[in-house]
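*Asks:*
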Amino acid sequence: MKTMMKMLMILALLSVMAVASCSAAGETRTFIDDVGREITLPVDIDAVSPSGPLAQIVLYSLDQDLFVSVSSEFTDAQA
77 MKTMMKMLMI LALLSVMAVA SCSAAGETRT FIDDVGREIT LPVDIDAVSP
127 SGPLAQIVLY SLDQDLFVSV SSEFTDAQA
C-alpha cells in the first residue's frame with residue numbers, strides 16, 4: 077500500500093512538472109493602458125523600437141540587445 081502511494085505521488089509530481097514545462101509558444105499578457113485600451117503583448121519580447129529620445133534612453137538601459145532601430149544616433153559620449 078505504501079509503495080503504491082509513493083508511486084502515485086511520484087507520477088503526480090512528474091505530471092505536474094511536465095505540464096509546467098510545456099508553456100505555450102504564443103503566450104501573451106494583457107493589460108489596460110492609461111487611455112483605457114486593452115493591450116496584448118507577448119510574454120517574451122525579442123525586439124523593441126523606441127518612439128523617441130527619452131524612450132531610447134530608458135530602453136537602452138534595460139536591454140540594448142533588443143533594439144531593431146534607434147530614434148536618433150548616439151553621440152560618442154553616450155555610446
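Under the working numbering, the first residue of the sequence shown is numbered 77, with each subsequent residue one higher.
A virtual CB, placed ideally from N, CA and C, is assigned to each residue, including glycine.
1) Please classify Gln-140: is it buried, with 16 or more other beta-carbons within 10 angstroms of its beta-carbon, or exposed?
2) Can you tell me which of the three DSSP states Ile-86 falls into?
3) For the beta strand (DSSP E) that Ile-115 lies in, which residues bound it at each end?
4) Following the continuous beta strand (DSSP E) through Ile-108, name the residue where it begins and the one where it ends.
5) Please state whether the Cβ-Cβ distance between Ser-148 and Ser-125 is less than 8 Å.
*Replies:* Answer, in terms of the structure:
1) exposed
2) helix
3) 114 to 118
4) 104 to 108
5) no
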